[in-house]
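Engineer: Just so you know, we're using my numbering here: the sequence shown kicks off at 18 and counts up by one.
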Amino acid sequence: MEKLTHQASKVAVGTAVSRVLGYARDMLVAHAFGAGFAADAFYAAFRIPNLLRRVLGEGSFSASFIPVFSEYYHTKSKEETQEFLNATFTVLTFVLTVLTLLGMLFSPEIVKLIAWGFKSDPAKLDLTIQLTRIMFPYLLFVCLAALALGILNTLESFFLPAVAPAMLSIAEIAFIIGIAPLLSPDDKIIGLSYSVTVAGLMHFLVQWPRIKTLGWKIRFKLDFNHPGLKKVSALMLPAMIGISVDQINTFVNTICASFLVQGSITALYYSNRLVQMPLAIFGLALASVSLPAMAKSIATNDLESMKNALNYSLKFILFILIPSAVGLMVIGLPITRVLFERGNFNLEGSMLTYSGLFYYSLGLPAYAGSKVLANGFYSFQNTKTPVKIAAVAMVINIILSVWLMHPMGVGGLALAASISSWFNVIILAYYLQKKIKVIDISQLFLTSVKAGIAGLIMAVVCYYLAFVAFMNHMYIGMFVSLLSGIAAYFILAWILGIEESKHFYKLLRKIIKI
């Protein structure tokens, strides 16, 4: 597992850089636009190509492409593998171009479906449609970036694909600081949308030279009949349905939030962004490296290595994300206020965001765990089972969202997402265990109990420092509480003998060396 730790450290560093820049971007956007009319329109519009990107890019495409590319790379000649890459790149570019043009053409219909509640506000609806058209080409570029990510991860190059999403933050920050002050108030949100499309192109281009340095020169060659491409397509259809189910959940939340008080869509976005920080840096870092590792193990008939990679990833996720969830629930409000409460973003916006953050945090370990468990199925080139499970989870999320949105507002939508995610991860684990007896249940339980005990004691420390000792000094209290809570957790983890703490220290040392 030493190699997996090293690879995860690279992803963690790259993701951390990207996320830190992302929060700087979000703070600037919050300062400039608050949680009102323009911000709601922008985030509703951005969510459309961004969610399609997750369905077609890092989602279904990566899950289908990486196992097949790994099979070609480890069992076939370089010439055959090169032909496969050429065919995949060309057909993907063609399909994405068509989808992008159709998306721009039918933006009014798409927006009316996604932001249903905006129909009562024609001005907001018209602005959202305009911004959607501007940002739809982002889909083309960022999905090609997902192809580059799949190639590089399979070739065991992890840092660049992990840091490349920072291009979105760099482009938006550059616009807000350098260009926005020169524009009229109405043109600023339009300019911000153009920066998103530019960011998608940058995200793709920054990875391409690395592929060439690793010895692969991808060219346009249209071949719809390539056997490898057919295999990816066959795997991608059920995977796309499965990832679509996940994104439909987000669409449902957006639709429901559009009926709530103004600022709810923006609050839902910011609360999700906050919970994504530990999820992306550690949870999805393990998910990113586990798929190529497990796919390689299956391609080379090494089932034991596949089991070790999966269990290591799950235990590490529990060790990191259980205390992360507890911490966000306890000091999520001061974190939200420190990060976003300035300019047009006020205390009301912070409270609205925290209500979503609290309930999203309940599902934090499940979000990451479901990715790793689904990767277990994908490594066997089985994309159908996760789809069926995700479909049932989607129905649960929709029912709970509609039921909870009025009594709980944004918090109800987040709680629905968390409950459905726990259902998803439990059923995935059940069927994967039934298939190959891969999960070490006793070890996972032991890690969960120890992490839970350490996390609860950490919560007391965080609460006392943030709301008692430094209650009149929000900024100092938040930072002291956060740092002390982290220190307390890892000291307790060492005292309790949590095995994953040793792996974390190794990962931390590798991060420092990068």
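From the three backbone atoms N, C-alpha and C, an ideal C-beta is built for every residue, glycine too.
For a test of the three-state rule: what should DSSP assign to Ser-487, helix, strand or coil?
Structural biologist: Position 470 of the sequence shown holds residue 487. A small correction: the amino acid at residue 487 is Phe; Ser does not occupy that position in the sequence shown. In the structure shown, Phe-487 sits in coil (DSSP, three-state: anything other than H, G, I, E or B).
Engineer: Is it true that the CB of Leu-421 sits closer than 8 Å to the CB of Thr-538?
Structural biologist: Not covered by the structure: residue 538. The range shown for the chain is 18 to 531.
Engineer: Going by the CB atoms, is the gap between Val-442 and Gly-386 shorter than 8 Å?
Structural biologist: If you number the sequence shown from 1, residue 386 lands on position 369. If you number the sequence shown from 1, residue 442 lands on position 425. Yes, these two residues count as a Cβ contact at 8 Å.
Engineer: Can you name, in chain order, every residue of its own chain whose Cβ lies under 7 Å from the Cβ of Lys-313, other than the five neighbours on each side?
Structural biologist: Within the sequence shown, numbered from 1, the residue matching residue 313 stands at position 296. Only Ser-87 and His-91 meet the Cβ criterion.
Engineer: If contact is defined by three or more beta carbon pairs under 8 Å, each pair taking one atom from either stretch, is the region 308 to 328 in contact with the region 366 to 384?
Structural biologist: No: fewer than three Cβ pairs fall under 8 Å.
Engineer: Measuring alpha carbon to alpha carbon, tell me which of Ile-453, Phe-54 and Val-215 ends up nearest Met-323.
Structural biologist: Along the sequence shown, read from residue 1 onward, the residue named residue 323 stands at position 306. Met-323 has its Cα closest to that of Ile-453, out of Ile-453, Phe-54 and Val-215.
Engineer: Give me the residue from Val-466, Gly-280, Ala-391 and Leu-218 with the minimum Cα distance to Phe-536.
Structural biologist: Lying outside 18 to 531, the shown extent of the chain, residue 536 is not represented and no answer is given.
Engineer: Roughly how many whole angstroms lie between the Cα atoms of Gly-502 and Lys-234?
Structural biologist: To locate residue 502, count along the sequence shown from 1; it is residue 485. To locate residue 234, count along the sequence shown from 1; it is residue 217. Spanning the two alpha carbons is a distance of roughly 48 Å.
Engineer: Between Lys-95, Phe-153, Val-478 and Leu-118, which lies nearest to Phe-59 when the distance is taken from Cα to Cα?
Structural biologist: Stepping through the sequence shown from its first residue, residue 59 is reached at position 42. Among Lys-95, Phe-153, Val-478 and Leu-118, the Cα nearest to that of Phe-59 belongs to Phe-153.
Engineer: Decide if the region 434 to 448 is in contact with the region 469 to 486; the criterion is three or more beta carbon pairs, one per stretch, under 8 Å apart.
Structural biologist: Touching, no.
Engineer: If distances are taken between C-alpha atoms only, which option among Val-419, Leu-172, Gly-373 and Ala-391 comes closest to Tyr-448?
Structural biologist: Residue mapping note: residue 448 aligns to position 431 of the sequence shown, counting from 1. Taking only the C-alpha atoms, the option nearest Tyr-448 is Ala-391.
Engineer: Would you say Ser-372 and Gly-300 are within 8 Å of each other, going by their C-beta atoms?
Structural biologist: Position 355 of the sequence shown, counting from 1, holds the residue named residue 372. Position 283 of the sequence shown, counting from 1, holds the residue named residue 300. No; because the gap between Cβ atoms is not below 8 Å, this pair is not in contact.
Engineer: State whether the region 94 to 110 contacts the region 171 to 188, with contact taken as three or more CB pairs (one from each stretch) at a distance under 8 Å.
Structural biologist: No, they do not touch.
Engineer: Closest to Phe-50 by C-alpha separation, out of Val-249, Ile-265 and Ala-284, would be which residue?
Structural biologist: Numbered from 1 along the sequence shown, position 33 holds the residue referred to as residue 50. It is Ala-284 whose Cα lies nearest to the Cα of Phe-50.
Engineer: May I have the straight-line CA-CA distance separating Ile-348 from Lys-247, to the nearest angstrom?
Structural biologist: Reading the sequence shown from its first residue, position 331 is the one you call residue 348. Reading the sequence shown from its first residue, position 230 is the one you call residue 247. Roughly 49 Å between the two C-alpha positions.
Engineer: Which residue wins for smallest C-alpha separation from Ile-265, given the options Gln-293, Ile-131, Ala-80 and Val-249?
Structural biologist: Here residue 265 refers to the residue found at position 248 when the sequence shown is read from its first residue. Ile-265 has its Cα closest to that of Ile-131, out of Gln-293, Ile-131, Ala-80 and Val-249.
Engineer: Along the chain, where does the alpha helix (DSSP H) containing Lys-93 start, and where does it finish?
Structural biologist: For the purposes of this step, residue 93 is identified with residue 76 of the sequence shown, where counting begins at 1. Element bounds for Lys-93: n/a, residue is neither H nor E.
Engineer: For a test of the three-state rule: what should DSSP assign to Pro-182, helix, strand or coil?
Structural biologist: Counting from one through the sequence shown, the residue named residue 182 turns up at place 165. Coil.
Engineer: State the DSSP-derived secondary structure class of Arg-359, mapped to helix, strand or coil.
Structural biologist: Along the sequence shown, read from residue 1 onward, the residue named residue 359 stands at position 342. Looking at Arg-359 - three-state DSSP - the assignment turns out to be coil, as it is neither helix nor strand.
Engineer: Find the nearest neighbour of Phe-336 within the set Glu-517, Phe-111 and Ala-62, judged by alpha-carbon distance.
Structural biologist: One-based indexing of the sequence shown puts residue 336 at position 319. Of the candidates Glu-517, Phe-111 and Ala-62, the one whose C-alpha sits nearest the C-alpha of Phe-336 is Glu-517.
Engineer: How should Pro-255 be labelled, buried or exposed, when 16 other C-beta atoms within 10 angstroms of its C-beta is the threshold for buried?
Structural biologist: Working through the sequence shown from its first residue, we reach residue 255 at position 238. Result: buried.
Engineer: Thinking C-beta only, is Tyr-211 closer than 8 Å to Ile-127?
Structural biologist: Taking the sequence shown and counting its residues from 1, one reaches residue 127 at position 110. Taking the sequence shown and counting its residues from 1, one reaches residue 211 at position 194. No, the pair does not count as a contact, with Cβ atoms beyond the cut-off.
Engineer: Determine the extent of the alpha helix (DSSP H) in which Pro-309 is found, giving its start and end residues.
Structural biologist: Numbered from its first residue, the sequence shown carries residue 309 at position 292. First-last of the alpha helix (DSSP H) with Pro-309: 301 to 316.
Engineer: Do the CB positions of Ala-297 and Thr-98 come within less than 8 Å of each other?
Structural biologist: Walking along the sequence shown from the start, residue 297 turns up at place 280. Walking along the sequence shown from the start, residue 98 turns up at place 81. No, Cβ-Cβ distance for Ala-297 and Thr-98 is not below 8 Å.
Engineer: How many angstroms separate the CA atom of Glu-96 from the CA atom of Ser-435?
Structural biologist: Taking the first residue of the sequence shown as 1, we reach residue 96 at position 79. Taking the first residue of the sequence shown as 1, we reach residue 435 at position 418. Answer to the nearest angstrom: the Cα atoms are 46 Å apart.
Engineer: I need the straight-line Cα distance from Gly-167 to Trp-225, nearest angstrom please.
Structural biologist: Residue mapping note: residue 167 aligns to position 150 of the sequence shown, counting from 1. Residue mapping note: residue 225 aligns to position 208 of the sequence shown, counting from 1. Rounded to the nearest angstrom, the two C-alpha atoms are 12 Å apart.
Engineer: Are the CB atoms of Ile-206 and Ala-431 nearer to each other than 8 Å?
Structural biologist: As a first step, residue 206 is located in the sequence shown; it is residue number 189 there, counting from the start. As a first step, residue 431 is located in the sequence shown; it is residue number 414 there, counting from the start. Contact: no.
Engineer: So the candidates are Asp-457, His-48, Val-112 and Arg-70; which of them puts its Cα closest to the Cα of Phe-241?
Structural biologist: Taking the sequence shown and counting its residues from 1, the one referred to as residue 241 is at position 224. Comparing Cα positions, the closest option is Val-112.
Engineer: By the three-class DSSP mapping on this structure, what secondary structure does Ser-105 have?
Structural biologist: Position 88 of the sequence shown, counted from the first residue, corresponds to residue 105. The question names Ser, yet the displayed sequence has Thr at residue 105. The answer is helix: DSSP assigns Thr-105 an H, G or I state.
Engineer: Output yes or no for whether 8 Å exceeds the beta carbon distance between Ser-367 and Thr-353.
Structural biologist: For the purposes of this step, residue 367 is taken as the residue at position 350 of the sequence shown. For the purposes of this step, residue 353 is taken as the residue at position 336 of the sequence shown. Contact: yes.
Engineer: In terms of residues, what are the limits of the alpha helix (DSSP H) holding Gln-460?
Structural biologist: Here the question's residue 460 lines up with position 443 in the sequence shown. Taken as a continuous stretch (DSSP letters only), the alpha helix (DSSP H) holding Gln-460 covers 458 to 481.
Engineer: Only counting runs of 4 or more residues, tell me where the alpha helix (DSSP H) segments fall wholly within the region 176 to 239, in order along the chain.
Structural biologist: Listed in chain order, the complete alpha helix (DSSP H) runs (minimum 4 residues) inside the region 176 to 239 are 176 to 180, 183 to 191, 202 to 222 and 225 to 230.
Engineer: Consult DSSP for Glu-173 and reduce its assignment to one of helix, strand or coil.
Structural biologist: For the purposes of this step, residue 173 is taken as residue 156 along the sequence shown, with counting starting at 1. In this structure, Glu-173 counts as coil in the three-state DSSP scheme.
Engineer: Can the beta-carbon of Val-292 be found less than 8 Å from the beta-carbon of Met-495?
Structural biologist: Taking the first residue of the sequence shown as 1, we reach residue 292 at position 275. Taking the first residue of the sequence shown as 1, we reach residue 495 at position 478. No, the pair does not count as a contact, with Cβ atoms beyond the cut-off.
Engineer: To the nearest angstrom, report how far apart Leu-338 and Pro-295 are at their CA atoms.
Structural biologist: Along the sequence shown, read from residue 1 onward, the residue named residue 338 stands at position 321. Along the sequence shown, read from residue 1 onward, the residue named residue 295 stands at position 278. So the two alpha carbons sit approximately 7 Å from each other.
Engineer: Would you mind working out which of Pro-178, Tyr-492, Met-184 and Leu-331 sits nearest Ala-446, comparing C-alpha positions?
Structural biologist: Taking the first residue of the sequence shown as 1, we reach residue 446 at position 429. Cα-wise, what sits closest to Ala-446 is Leu-331.
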